[in-house]
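Student: Supplied in structure tokens, the structure appears directly below.
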Amino acid sequence: MDPNDKRSPDVIALFDVDGTLTAPRLTATKQMIDFLAELRNNVIIAIVGGSDLRKQKEQLGENVLDMFDYTFSENGLVAYRGRELLAEASITAHLGEKRLQKLINYCLRYISALNIPAKRGTFIEFRKGMLNISPIGRNCSQEERCEFEQ
1 MDPNDKRSPD VIALFDVDGT LTAPRLTATK QMIDFLAELR NNVIIAIVGG SDLRKQKEQL
61 GENVLDMFDY TFSENGLVAY RGRELLAEAS ITAHLGEKRL QKLINYCLRY ISALNIPAKR
121 GTFIEFRKGM LNISPIGRNC SQEERCEFEQ
């Protein structure tokens, strides 16, 4: 830790991204970004979310690694301290390709049989440490997402 940093090392404000700092899959407001910058003057701040780093950048800004002391993507399976990558876990290494494909094939068969308001592609998004499985599809509109949730 920087000796000039007067923040307490015993306090970390950890925030979820979707539904806390932003509405799900939308961008943060200027007020939220300003609040986080002000808070960071007083305590160590961090984020965690299910999305990958690319999507966190879309929601919070390209400089997300500079905005937070710690950034945890993919539900914490990819971890950064500032711009330094601390650790990452791979679902492929953990399960193996054969078991991973068996899981993906099962999910695709299951989704294909669902009767839901819409299906819009990218039903399984492969990430470094996890699979994001979306029955409606990641390409759905916000209106379709809301209809599906009801």
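Counting along the sequence shown from 1, when you hit position 8 you're at 8 in UniProt numbering, and nothing is skipped either side. Where is the CB? At the ideal position from N, CA and C, for every residue including glycine. These figures come from a predicted structure and were not determined experimentally.
1) Mark Ser51 as exposed unless 16 or more other C-beta atoms lie within 10 angstroms of its C-beta, in which case mark it buried.
2) Report yes if the C-beta distance between Gly129 and Ala79 is below 8 Å; otherwise report no.
3) Quick test of the definition: if touching needs 3 or more C-beta pairs under 8 Å, does the region 120-134 touch the region 100-112?
4) Pull up the distance between the alpha-carbon of Pro3 and that of Ile44, whole angstroms please.
5) What span of residues does the beta strand (DSSP E) with Val48 cover, start to end?
6) Please report how far the alpha carbon of Lys57 lies from the alpha carbon of Ile116, in whole angstroms.
7) Using DSSP's beta-bridge definition, name the partner residues of Ser73.
8) In the DSSP assignment, find the unbroken beta strand (DSSP E) run with Glu84 in it and report its ends.
9) Measure the C-alpha to C-alpha separation of Asp16 and Asp5 and round it to an integer number of angstroms.
10) Thinking just about the alpha-carbon of each residue, which of Arg145, Arg7, Gln142, Gly137 is nearest to the one in Asp69?
Tutor: Quick look at the numbers:
1) buried
2) no
3) yes
4) 14 Å
5) 44-48
6) 30 Å
7) Val78
8) 84-88
9) 24 Å
10) Arg7
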